[in-house]
Amino acid sequence: MPTSNTPRLTPGTPAPDFTLKNAQGEDVTFSSLRGQRVILFFYPQADTPACAQQACDFRDNLARFGAEGYTVLGISPDPVDKLAAWDQREHFGYTMLADEGHLVADRYAVWGEKLNYGKPYQGIIRSTFVIDEDGNVAVAQYNVRAKGHVAKLRRDLKLPA
0 MPTSNTPRLT
10 PGTPAPDFTL
20 KNAQGEDVTF
30 SSLRGQRVIL
40 FFYPQADTPA
50 CAQQACDFRD
60 NLARFGAEGY
70 TVLGISPDPV
80 DKLAAWDQRE
90 HFGYTMLADE
100 GHLVADRYAV
110 WGEKLNYGKP
120 YQGIIRSTFV
130 IDEDGNVAVA
140 QYNVRAKGHV
150 AKLRRDLKLP
160 A
């Protein structure tokens with residue numbers, strides 16, 4: 000599998016545009032969110048313990064993010080039907096997007112080599128981006144941990160407790 004050759008995104012750079020299917024099978028085009036502040040998080044696989052922790056933490060803090068004007072989007076390489084089943088069980092309340100071919104993950108430089116029990120493989124590097132109203136990267140966090148990440152992000156954004 001190829002590894003992204005895209006350089007990591009840094010604050011101030013334009014966020015790459017994309018169109019992906021949501022858990023309901025509808026197209027979502029990122030540029031249609033221009034004018035909003037967006038938290039875009041990439042996670043490796045739906046319905047796994049660490050990803051569930053992270054996704055549920057975003058769900059549980061969704062009202063706090065929304066009160067500060069943030070829209071939350073989650074992206075994984077899972078198929079739409081898997082995202083739909085997971086969302087139906089967990090009631091996330093934000094948009095989950097399917098990047099099956101990892102083309103968007105490549106654009107955001109979050110597809111790369113990982114290790115599982117010492118064996119290398121290609122996959123999503125858990126990462127989060129905050130995109131400003133003009134469509135530029137305000138925050139780029141690569142290699143984040145699932146546990147505690149949302150709380151740290153809230154602190155980094157100086158959001159009220």
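In this text, residue positions in the sequence shown follow numbering that gives the first Met the number 0: the first is 0, and each later residue adds one. Cβ atoms here follow ideal geometry from the backbone N, Cα and C, with glycine treated the same way.
8 Å CB neighbourhood of residue i in its chain, flanking five on each side removed
i, result
"G34", "E132"
"P13", "G134, N135 and V136"
Cutoff 7 Å; reference residue i; Cβ partners in own chain excluding five residues on either side
i, result
"W85", "A45 and D46"
"V71", "I38, F57, L61, F64 and Y93"
Beta carbon of residue i nearer than 8 Å to that of residue j
i, j, result
"T127", "L152", "yes"
"F29", "G73", "no"
"A139", "R36", "no"
Exposure label - residue i; buried when at least 16 CB within 10 Å
i, result
"Y69", "buried"
"L114", "exposed"
"T94", "buried"
"M0", "Here M0 scores only 37 on pLDDT, less than 50, and its place in the model is too uncertain to base an answer on."
"R125", "buried"
"G11", "exposed"
Per DSSP, the bridge partner or partners of residue i
i, result
"T94", "L72"
"T183", "Since the first residue of the chain shown is 0 and the last is 160, residue 183 is not available in this structure."
"I38", "V71 and V129"
"K113", "Y120"
"V149", "Answer by DSSP bridge pairing: none, since V149 is not bridged."
"V138", "V129"
Cutoff 8 Å: residue i Cβ touching any chain D Cβ
i, result
"P159", "Included in the structure is just one protein chain, with no chain D present."
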